[in-house]
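Q: Take this structure, written in structure tokens, and hold onto it; I'll ask about it next.
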Amino acid sequence: MRQLICLIIIFLCGCHLFSSVQAGSCSSAAPKQKPNGPTCVGERCGPEGCPSPCNRCVSTHPWCKGYCYLPENW
């Protein structure tokens, strides 16, 4: 009986985690490129980082890939 209760609790936690991942999907909007801006803006990025001159990889969730942004003072 105790194993069944533990299994149900684990199942419910897994369902909750899965639904939160689906609700906050990884499809965030890419930043807009300026007409004469660098091409790295809006490229998909992850742990590998972004090409120069972009230096920030912004993502909606830690497990999602993000988009490259320019430095603040660009």
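Per mature numbering (1 follows the signal peptide of the UniProt record, and there is no 0), the sequence shown runs over residues -23 to -1, 1 to 51.
Glycine included, every Cβ here is placed at the ideal spot set by N, Cα and C.
(1) For Trp40 and Cys31, I'd like the C-alpha separation in whole angstroms.
(2) Using 8 Å for Cβ pairs, my map puts Tyr46 next to Pro8. What's the rounded Cβ distance?
(3) Can you name the residues that DSSP bridges to Val18?
(4) When we look at the beta-carbon of Val35 and count the other beta-carbons within 10 Å, is it buried (16 or more) or exposed?
A: The relevant details are as follows:
(1) Counting from 1 along the sequence shown, the entry for residue 40 is found at position 63. Counting from 1 along the sequence shown, the entry for residue 31 is found at position 54. If I take the Cα positions, the gap works out to 21 Å.
(2) The count along the sequence shown starts at 1 and reaches residue 46 at position 69. The count along the sequence shown starts at 1 and reaches residue 8 at position 31. With a Cβ gap of about 6 Å, Tyr46 and Pro8 count as contacting.
(3) For the purposes of this step, residue 18 is taken as residue 41 along the sequence shown, with counting starting at 1. In the DSSP output, where bridge partners are listed per residue, Val18 has none listed.
(4) Within the sequence shown, numbered from 1, the residue matching residue 35 stands at position 58. Burial call: exposed.
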